[in-house]
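Asks:
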Amino acid sequence: SSFQPTEEFRTQAEQRIGTINSVSVANDSKVSANLLAERLAYPMTMFAMVLVVYAFGHLMSYSPNQLQLRAANPDFDFDLRPVVSRTLTIVALLSIADLIWTLVASQQGSMRELNPLGSQLIDNPVYLIVFKTLATGTAIGCLYHMRDRPIAHIASWWSCLVLTLLTARWLTFHSMLV
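According to this note's numbering, the sequence shown holds residues 40 to 217 in order.
#1: On the CB-based measure, 16 or more other CB atoms within 10 Å of its CB, does Q159 come out buried or exposed?
#2: Suppose only complete runs of 4+ residues qualify. What are the alpha helix (DSSP H) ranges in the stretch 52-111, listed by chain order?
#3: Would you be able to state if there are at least three C-beta pairs under 8 angstroms between the stretch 85-94 and the stretch 204-212?
#4: Are three or more beta carbon pairs between the stretch 69-76 and the stretch 133-151 nearer than 8 angstroms?
#5: Can you have a look at T45 and say buried or exposed, based on whether 16 or more other CB atoms are within 10 angstroms of its CB?
#6: Please state whether DSSP places E152 in a helix, a strand or coil.
#7: Beta-carbon within less than 7 angstroms of A191's beta-carbon, same chain only, minus the 5 sequence neighbours each way: which residues are those?
#8: Taking the continuous alpha helix (DSSP H) assigned at P44, which residues delimit it?
#9: Let me know the secondary structure DSSP gives I135 once reduced to three states.
#10: Could you tell me whether the Cβ atoms of I139 and M83 are closer together than 8 angstroms?
#11: Looking at the unbroken alpha helix (DSSP H) that takes in I168, where does it start and where does it end?
#12: Could you check what DSSP says for I161 in three-state terms: helix, strand or coil?
#13: Just to confirm, is the Cβ distance from L167 to L202 under 8 angstroms?
#14: Taking the alpha-carbon of L210 as reference, which of V92, K69 and G57 has the nearest alpha-carbon?
#15: Secondary structure at C208, three-state DSSP: helix, strand or coil?
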């Protein structure tokens, strides 16, 4: 004799199969994120470590206070443009590292986005990438345009410091997960 399921049985079976499938998809997503994080861990860590060391050296060499002290010397002639340009390049690289680590960690479920705007976009990586790229690109573009002004040096210096500290925090975060 052949089995003929009732409509109630069929409905319950479809619900359970749907639940199992959605759990399976979620698990596959987490596994993929963990594999990606594993592949990126070493190159990202090395890139970030070198960048943090370079950024700290740059920040210490070209702090706004140090340049003001040098400017007190009448023989001091200094062009801020290359310093601001270099600082903004470091800001861009640190921002890229932050974006990559944010995306990977959020897909793994190992972090919570604290930025109120970013937390609204964290579930959609494309929107997050567009938002962070536009926000960072606009800020860098404005500061680059004003690179010969002392305010651009101060703003880019502080941006670089904050992102350097954030990247150092990411390095600590990832070293705890290893």
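For every residue, glycine included, the Cβ atom is placed at its ideal position computed from N, Cα and C.
This one's a predicted model, so the numbers in the text were calculated from it and none came from an experiment.
Replies: This is what the structure holds:
#1: As a working note, residue 159 is residue 120 in the sequence shown. Under this definition Q159 is an exposed residue.
#2: 103-110
#3: yes
#4: yes
#5: By one-based count along the sequence shown, residue 45 stands at place 6. Its Cβ having fewer than 16 others within 10 Å, T45 is exposed.
#6: For the purposes of this step, residue 152 is identified with residue 113 of the sequence shown, where counting begins at 1. Here E152 sits in coil by DSSP.
#7: For the purposes of this step, residue 191 is identified with residue 152 of the sequence shown, where counting begins at 1. Within the same chain, A191 has close Cβ partners V123, L182 and M185.
#8: Within the sequence shown, numbered from 1, the residue matching residue 44 stands at position 5. P44 -> no alpha helix (DSSP H), and no H or E assigned at all.
#9: If you number the sequence shown from 1, residue 135 lands on position 96. Reduced to three states, the DSSP call for I135 is helix.
#10: For the purposes of this step, residue 139 is identified with residue 100 of the sequence shown, where counting begins at 1. For the purposes of this step, residue 83 is identified with residue 44 of the sequence shown, where counting begins at 1. Going by C-beta atoms, I139 is nearer than 8 angstroms to M83.
#11: Locating residue 168 in the sequence shown gives position 129, counting from the first residue. P164 to H184 is the extent of the alpha helix (DSSP H) around I168.
#12: Along the sequence shown, one-based indexing puts residue 161 at 122. I161: coil per DSSP, three-state reduction.
#13: As a working mapping, residue 167 is identified with position 128 in the sequence shown. As a working mapping, residue 202 is identified with position 163 in the sequence shown. No, they are not a contact pair.
#14: Position 171 of the sequence shown, counting from 1, holds the residue named residue 210. Checked all of V92, K69 and G57; the closest Cα to L210 is V92.
#15: Mapped onto the sequence shown, residue 208 falls at position 169. According to the sequence provided, residue 208 is Arg. The question's Cys does not apply to it. Reduced to three states, the DSSP call for R208 is helix.
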